[in-house]
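Asks: There's a structure below that I have some questions on.
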Amino acid sequence: MISVSERDYITKGVDVSIRADGRSRLDFRELVLETGMITQASGSCRVTLDGGTDILVGVKVEVGSIEPEVEAEEADILEDMEQMDQDDGITMVKDKDRGRIICNVECSPSATRIFEPRDIEDMCNEYSQFMNRVLNGSHGGVDLKALCIIPGSTCWILNIDVLVLDYGGNLLDAIFMATRGALHNTRIPRATVEQSDGRVEFDIADEETEIIRGWEDVPLCVSLNKIGYRHIVDAAPLEELCSSARLTVAVNRRGNLCALQKGGHGGIEPSLLAEMVQTAKQIGQTLLKRQDAALREEEERIAAGKDPIGFGAASRH
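Heads up, the sequence shown is in UniProt numbering, so the first residue is 1 and it goes up one at a time.
Now the structure itself:
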């Protein structure tokens, strides 16, 4: 899919911090975010990166049991995921007074023309598992205790459905950007709990809603691709093909590292790894501040009685 001359051109350009589209190594492409795109969802957000990547995220809120019954095969899968979480150093919450988040990533046919069907399935599974581990973990941001309705029995479940509409590189960063925007846009019906005759019952209001507590602490991802002896952010498709390794770093607004995931077949030297993590923290903080500013701007527009038309933000580092 990429010739030797193209690979050499991209690699040498990255070495001198001049990329094919004119950006430097640490420049993000311009991005556009729009919230409230899906009327039937509890919250939604669409993120488009200049160059093709287009992500739509919808959040659907439903009432469910805190410990759902699972089949034997599903139980084995959950056990394997718990072991993976322990290996990754991510603490999963399993208390009986917390809700949960279920993430699912899918690709539309128009976004998968350059992929093999098996590669698409593997990529969607990888991203879904990564999102589930991060958002349900101790550093996921969302206050899972606030999603509990009746401890040990009933809770709110946040179903986060991600649809990749178009592919232009750097999918995971755009997915987390759209997910955070969708959680900000999500409203949960207010639930009241009453105890009568020794039984605990709850009632859900028809019109009163609440925001998701902790959405502002949901991290964003910054993916850094190693090309030659250098690394870049927000890689385009051809740059991803030239990459020997990829490091994805999840950072929240406090500057804390929430997750790390390494991809690709190549290795990353320890000194370069530390540099990449530090770069991701700085860029992640910049992206978070710009997204929060844009979200506040849209809220002010709605409060002033103007139609929400989405918002754009140039995300140059």
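Every residue gets a Cβ at the ideal spot worked out from N, C-alpha and C, and that includes glycine. Bear in mind the structure is a predicted one, so any value in this text is a computation, not a measurement.
State the DSSP-derived secondary structure class of K12, mapped to helix, strand or coil.
Replies: Helix.
Asks: With the cut-off set at 8 Å, would you say K96 and G137 are in Cβ contact?
Replies: No, the Cβ-Cβ distance between K96 and G137 is not below 8 Å.
Asks: Using the C-alpha atoms, what's the distance from R98 back to Q285?
Replies: When rounded, the distance between both Cα atoms is 28 Å.
Asks: Starting from the C-beta of I77, find all residues in its chain whose C-beta is less than 6 Å away, skip the five residues before and the five after it, and write them out in chain order.
Replies: Confidence in I77 is poor, its pLDDT being 47 and thus under 50, which makes the residue's placement too unreliable to answer from.
Asks: Counting Cβ pairs closer than 8 Å, one from the segment 178-189 and one from the segment 28-45, do we hit at least three?
Replies: Result yes; three or more Cβ-Cβ pairs closer than 8 Å.
Asks: Tell me whether the segment 124-143 and the segment 198-218 touch, counting them as touching only if at least three CB pairs, one residue from each stretch, are closer than 8 Å.
Replies: A contact exists between the segment 124-143 and the segment 198-218.
Asks: Is it buried or exposed for T209, if we count other Cβ within 10 angstroms and need 16 for buried?
Replies: By the 10 Å Cβ count, T209 comes out exposed.
Asks: Give a yes or no on whether the C-beta atoms belonging to N170 and D234 are separated by under 8 Å.
Replies: Result yes, Cβ atoms of N170 and D234 sit closer than 8 Å.
Asks: In the DSSP assignment, what residue or residues form a beta bridge with C103?
Replies: Per DSSP, I160.
Asks: Give the DSSP bridge partners of G263, in chain order.
Replies: Per DSSP, R246.
Asks: When the distance is taken between beta carbons, is L220 closer than 8 Å to M276?
Replies: Taking 8 Å as the Cβ cut-off, M276 and L220 do not qualify as a contacting pair.
Asks: What does the alpha-carbon distance come out to for the pair D50 and I18?
Replies: If I take the Cα positions, the gap works out to 18 Å.
Asks: What is the residue span of the beta strand (DSSP E) that R230 lies within?
Replies: From DSSP, the beta strand (DSSP E) with R230 extends over R230 to V233.
Asks: Relative to the C-alpha of C107, which residue among E62, Y167, M1 and A191 is closest?
Replies: Closest by alpha carbon: Y167.
Asks: Measuring alpha carbon to alpha carbon, tell me which of V4, E62 and S110 ends up nearest T53.
Replies: Minimum Cα distance to T53 is reached at S110.
Asks: So I149 is in the alpha helix (DSSP H); what residue range does that whole segment cover?
Replies: Per DSSP, I149 belongs to no alpha helix (DSSP H); it is in the beta strand (DSSP E), C148 to I150.
Asks: Leaving out the 5 sequence neighbours to the left and right, which residues in its chain are closer than 8 Å to I268 when beta-carbon positions are compared?
Replies: Here the set comprises K226, A245, L247, K262 and M276.
Asks: Leaving out five residues before and five after F202 in sequence, what residues of the same chain have Cβ atoms less than 8 Å from its Cβ?
Replies: If we look at F202 and ignore the five residues flanking it on each side, its Cβ neighbours are I149, I150, T154, A191, T192, V193 and E194.
Asks: Look at the alpha carbon of Y9 and the alpha carbon of G228, and state the distance between them as a whole number of angstroms.
Replies: Y9 and G228: Cα-Cα distance of roughly 12 Å.
Asks: Looking at V162: is its Cβ nearer than 8 Å to the Cβ of C258?
Replies: Cβ atoms of V162 and C258: not closer than 8 Å.
Asks: Can you look up I90 in the DSSP assignment and give me helix, strand or coil?
Replies: In this prediction, I90 has a pLDDT of 48, which is less than 50 and means its spatial position is unreliable; nothing more can be read from the coordinates.
Asks: Take V105 and list the residues in its own chain whose beta-carbon comes closer than 6 Å to its own, dropping the five residues that flank it on each side.
Replies: Once the five neighbours on either side are set aside, the close Cβ partners of V105 are C124, Y127, S128 and V162.
Asks: Tell me Q195's beta-bridge partners as DSSP assigns them.
Replies: For Q195, which the question treats as bridged, DSSP gives the partners V200.
Asks: Give me the residue from L272, S42 and E116 with the minimum Cα distance to T179.
Replies: For T179, the nearest C-alpha among the options comes from S42.
Asks: Please look up how many angstroms separate the CB atoms of V249 and L260, rounded, as I've assumed it's under 8 Å.
Replies: Right, the Cβ-Cβ distance comes to about 6 Å (below 8 Å), so this counts as a contact.
Asks: Would you identify the three-state DSSP class for I120, choosing helix, strand or coil?
Replies: Looking at I120 - three-state DSSP - the assignment turns out to be helix.
Asks: Name the two residues that bound the continuous alpha helix (DSSP H) containing L224.
Replies: Run containing L224: none in the alpha helix (DSSP H); it sits in the beta strand (DSSP E), L220 to I227.
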